[in-house]
Structures are given as structure tokens and as C-alpha cells.
Amino acid sequence: MSSASTAPLSAPEAMVLIEGPRADPHEIVFLALLELVVRGGARLAGGPEDKLSDRRLMPREHGRVGARPLVALVDVIDEGMARSPQRSIAFAPTRLVREAFAVRWGTAEAFVRMEVWGGLEARGFVSTRERDLDVFAVYPWHRTAEGDLECARLHAILERSPDWQSAPGTTLLELSGLAVPSDDVFDAIDELEDGITPPDIWGDDGDGSSPPPSTSD
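In my numbering, the protein residues as written are 1062 to 1278.
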């Protein structure tokens, strides 16, 4: 019997399983925030700047959020809200969520490695154990036999979607049976991802000055 969990993968987990260790970490954080909001584990709050307002007990009492990357984000939103000096407000200031994110993970890449890879490994889809051919890999990453089967299953479904290449976030939400939010929500979450993830240590301006850590797949 397979050791892999039968529960559906979250959008960030599915994307990493499909694309492998070189999936864009900022896209993965974006997908995690998007699914978190769509599932009701957090909501967007209006104001002078976009903020996340979390429904603090909802993920744990109502089971709306169970995937490891999503629960991890709820935790840093909780922390940002708890650290706010304005006790009367019902949202987590973006700056404080960013600080909590930086303390826990440092970079988006580390979040993906610890929470998304870690979640996939716990479910039996990925192994990060070093192999003989991993001599040049800083962070080994391999799909297991179960991971290969799940990846093939996802590919077979997603390749039938005309929007997969142009709108992967929308496609992954639909695959999970979730509602697709408005373009305004996509834009707000994109800005939030920029606001809460610290710059990568190799530069976050897209100039390619130095590469991310090497991996293997």
C-alpha cells in the first residue's frame, strides 16, 4: 500500500511537484496566499495599504486550511497580528507579517524548501535524501515513485485545460474545486506577496546577477 497521503495537494504543493525544485519560489508563495484567501483561512482587508486580516481560529476549528504551507502562513499572520501595537484593529499589518516571515524563513526560497518540500516529503511524494549523483546539489530533491505517479496524474488533467500555461493559479484552484476570485483579488495578493517576502539573498530585481542554490531532480 502506498505511503503517500490521498488528500488533494494544495496549489503550491501541486506546482512544486510538477515543476520540480526550480519552481519560482515567489510564485509558490503567491499560490499559497491565493489558496489561503480563497479557502477562508485569511481575508483581504481594505485600508491605506493592502493587508491580510486573518480569521484566527478558522483553520483549526473549521478545517478550512490543512496543507502545511497554508497553515505556516496562517501562523505568521497570527504573529503579525499579535505584535501589532494597535490592539483595536482586525488585521495583521503587512510590515509585521514580513518581519515574522523573515525571522521564520528568511527568504521565499527557504519557505518553499521547508514548508512545501517538507509537506511533500511528509506525504511520501518527494525525498530530500542525498544520492550518489547529488554531489553538486546543495539541496537534493527527488520525486518518489508515488510522486511520479501523482505528477503524471496532474499532468494528464492539467494538459486538458486551455488555461494551464497562461493562468496556472486559476487552473489549480479549479482543479481543487475552489472558486476563482476576481482580477482585483489576484492583483492584491500579488502585491501582498511582494510586501511580505524579504528580498532573496541573490537579488530580487530580476537581473540574474547570481543564481539561486542548486538543486537536483
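Here a beta-carbon is modelled for each residue, glycine too, at the ideal position from N, C-alpha and C.
All values reported here derive from a predicted model rather than from experimental measurement.
In the DSSP annotation of this structure, Ala1240 is not part of any alpha helix (DSSP H), being labelled neither H nor E. With contacts defined as CB atoms closer than 8 Å, Pro1073 and Leu1092 qualify as a contacting pair. Following the DSSP letters along the chain, one finds Ala1133 inside the alpha helix (DSSP H) bounded by residues 1129 to 1143. For the pair Leu1131 and Val1246, the CB atoms are not nearer than the 8 Å cut-off.
Judged by DSSP in its simplified three-state form, Ala1249 adopts helix. For Phe1172 and Arg1129, the gap between their C-alpha atoms comes out near 11 Å.
Taking the Cα positions, Val1241 is about 15 Å away from Ser1071.
Burial check for Val1164: the Cβ neighbour count within 10 Å stays below 16, so the residue is exposed.
Excluding residues up to 5 positions away in sequence, Val1158, Ala1161, Phe1162, Arg1165 lie with their Cβ nearer than 7 Å to the Cβ of Val1137 in the same chain. Secondary structure at Arg1174: helix, using DSSP grouped into helix, strand and coil.
Closest in alpha carbon position to Leu1253, among Leu1078, Arg1221, Val1098, Gly1185, is Val1098.
For Leu1070, no beta strand (DSSP E) encloses it, and the DSSP letter there is neither H nor E.
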